[in-house]
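Notes follow the structure.
Okay, structure coming up:
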């Protein structure tokens, strides 16, 4: 093999092995902002005793629905009866799981057009949206504080100052989701305007998907909640760091949240223990990594940056008395030493006790009903109803095309690309320097943004080793002045400008600000699919090489470097969780591509995808679907400029890719 080609493949392989570290999407995952619902969300309790009047109203609505000419269909097939036995080594007692992979029509059944029209339909949609936002964001004080500057404007009030409840009983959730779907089905879709149709399309899609997932309680056990890479313990300190104080009550609530960590993580560890008792046991290496993640927190007790940060944030409270300041600092220190850090030691001890449980690394397709679980997870993360088999073919095609393109450039006889490819430096300095440049550079190719501001927060030194070079956090989404770019000084490298394109302009921040300026329904930008968000950000990251590169072939090779690891991740994810690949199969797959990863690297990759089925789909297939949609638009509308295509895409709002294509092509026509 050509020496330079070997070098190219080595770069790609290193990128693939290094990919899993905390990123913007993991922050959003922590905040529960992906579309759809899961019982692993942090949610409030619904008190049936307080809802008598609502129950009576629901009975009346049900009677009216029964009398309708076209009764509302059941959104999902009936679950199989609960079993009381061990299936393939897994204790499925009292757990329900599907006996087949659902079709798209089973998850999204056809239903008759409703009769509610005009302002009544619009008002009903607004009420449903308000109920969904309130149900989701009031359940968790952190979501409540971060998502909106003024949550009360949306009727959102926190039920308690907690991390929420880790509740596996889906009875109330199923009833809640079904109630909202029943109401949505009463609406005359044809009478809705452009904005309301977008909300209707996405919320019905999300709720039907959620209803399928919620009815099978076995699904709760198919992933660990304390994953050593993505679990809540991994970014807990950073999330606490970004909560600001404007009042004494804010600081007091923050302390209550610190104290509630004990209860919340007790629930999470108890769940991991139950998973293990049922046979859904992690491997020893996973448990060891979990323990290490908690030990890392325990080690920070004496000099954690949150002590100083808490005192600094108190400076933001106008009129704070010296007495209150002293009281709050003392209370915070007590909570940290007597509740917060001792809980992490307890977590470490309890997870340590699970080491030696005999867990085997295997894809989720090996679990009872796991093939159905992965199919629905795939649909959610890919943000598309395309089949896994079709997507797999498209991924493999892109991988093969990338190889062909690399070889074509390598053996073209023109080596003018080599110097820039091997010695490029696309970094203009600070985050602000790079974003200032990009803000101007992207203007000919993307729509205009409204006036907005952003702040740059630096990752605390204690967290830098496990944090990506930068991340975007949508903070206070009801304003345009609180966008947050998180910078990791230790991660800055020669392509930091490209990273800033992904996170800032024209990436996550650009898409978030623009969407909020043209979207009338907050649900759409709060519950957007991670496949949509990462698909856009990765597409424009590759697109943004044009603002830095001077040599066209160098630009092509660098974009391949960027996208190739994503495609490998997606293919291996499908292999492990859909086709049942083992680590040997993964090694053989890479060998077939001419790559020789280390055994440790393969094991880490397999661990990631067995712990988090679909992790590679969020990024790789989200990017693939976005890129294919843009290319299709360019082919069908050859006279359209990139600015027109990008504007039509963004104006279509954060829907599924199929829904976007319909709206986007109508606009371009």
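Numbering (my numbering), first residue to last: 497 to 1165.
Where a beta carbon is used, it is the ideal one built from N, C-alpha and C, also for glycine.
Item: Mind checking which residues open and close the alpha helix (DSSP H) that includes residue 637?; Value: 637-643
Item: Decide if the region 589-603 is in contact with the region 852-870; the criterion is three or more beta carbon pairs, one per stretch, under 8 Å apart.; Value: yes
Item: Assess contact between the region 712-721 and the region 934-948, defined as three or more Cβ pairs (one per stretch) separated by less than 8 Å. Is contact present?; Value: no
Item: Give the single residue among 964, 973 and 1085 whose Cα lies nearest to the Cα of residue 650.; Value: 973
Item: Which residues bound the alpha helix (DSSP H) around residue 754?; Value: 744-773
Item: Use the C-beta contact count for residue 1134: other C-beta atoms within 10 angstroms, 16 or more gives buried, fewer gives exposed.; Value: exposed
Item: Using beta-carbon positions only, say whether residue 859 and residue 1097 come within less than 8 Å of one another.; Value: no
Item: If you reduce the DSSP assignment to three classes, tell me which class residue 534 lands in.; Value: The pLDDT assigned to residue 534 is 44, lower than 50, so where the model puts this residue is not dependable, and the model offers no usable value.
Item: Take residue 614 and list the residues in its own chain whose beta-carbon comes closer than 7 Å to its own, dropping the five residues that flank it on each side.; Value: 687
Item: DSSP three-state call for residue 1159: helix, strand or coil?; Value: helix
Item: Going by DSSP, what residue range makes up the beta strand (DSSP E) through residue 966?; Value: 966-969
Item: Evaluate the contact criterion for the region 1017-1026 versus the region 952-965: three or more CB pairs, one atom per stretch, below 8 Å.; Value: no
Item: Check the C-beta distance from residue 794 over to residue 848 and give it rounded, since I have them as a contact under 8 Å.; Value: Actually they are not in contact, since the Cβ atoms of residue 794 and residue 848 sit about 12 Å apart, beyond 8 Å.
Item: In terms of DSSP beta bridges, what is residue 455 paired with?; Value: Coverage of the chain is limited to positions 497 through 1165, which leaves residue 455 absent and any answer about it impossible.
Item: Have a look at residue 786 and residue 621 and give me their C-alpha separation to the nearest angstrom.; Value: 43 Å
Item: Terminal residues of the continuous beta strand (DSSP E) containing residue 979?; Value: 979-983
Item: Using 8 Å as the threshold, is the C-beta distance between residue 634 and residue 648 below it?; Value: no
Item: Express the C-alpha separation of residue 684 and residue 948 in angstroms, rounding to a whole number.; Value: 37 Å
Item: Could you work out which residue in 1073, 1065 and 1118 is closest to residue 1101 when comparing CA atoms only?; Value: 1065
Item: Going by CA-CA distance only, name the one from 755, 856, 1006 and 748 that's closest to residue 823.; Value: 748
Item: For a quick check, are the C-beta atoms of residue 1128 and residue 1099 less than 8 Å apart?; Value: no
Item: Assuming residue 952 is part of the beta strand (DSSP E), what are its boundary residues?; Value: 950-954
Item: If distances are taken between C-alpha atoms only, which option among 1116, 836 and 581 comes closest to residue 803?; Value: 836
Item: Going by C-alpha distance, which of 644, 617, 1058 and 1126 is nearest residue 630?; Value: 644
Item: Kindly list the residues whose CB is nearer than 8 Å to the CB of residue 657, restricted to its own chain and excluding five residues on each side of it in sequence; keep chain order.; Value: 637, 749, 752, 753 and 756
Item: Roughly how many angstroms separate the alpha carbons of residue 1163 and residue 879, rounded to a whole number?; Value: 21 Å
Item: When the Cα of residue 745 is compared with those of 800, 712 and 810, which residue comes out closest?; Value: 810
Item: State yes or no: is the C-beta of residue 708 within less than 8 Å of the C-beta of residue 598?; Value: yes
Item: Under a Cβ-count criterion, where at least 16 other Cβ atoms within 10 Å of its own Cβ denotes burial, should residue 1160 be classed as buried or exposed?; Value: buried
Item: By alpha-carbon positions, which one of 730, 975, 960 and 1052 ends up nearest to residue 901?; Value: 1052
Item: Comparing alpha-carbon positions, which option in 712, 728 and 892 lies nearest residue 1117?; Value: 892
Item: Look at the alpha carbon of residue 602 and the alpha carbon of residue 882, and state the distance between them as a whole number of angstroms.; Value: 15 Å
Item: Going along the chain, which residues of its own chain have a beta-carbon closer than 6 Å to the beta-carbon of residue 966, five neighbours each way excluded?; Value: 983, 995 and 999
Item: Quick one: measure Cβ to Cβ for residue 632 and residue 673, integer angstroms, because I've assumed they're closer than 8 Å.; Value: Not confirmed; about 12 Å, so no contact.
Item: Could you check if residue 1142 is buried or exposed, using at least 16 other CB atoms within 10 Å of its CB as the buried criterion?; Value: buried
Item: Identify which residue in 678, 611 and 626 has its Cα closest to the Cα of residue 487.; Value: Outside the modelled stretch of the chain, which goes from 497 to 1165, sits residue 487, for which no answer is possible.
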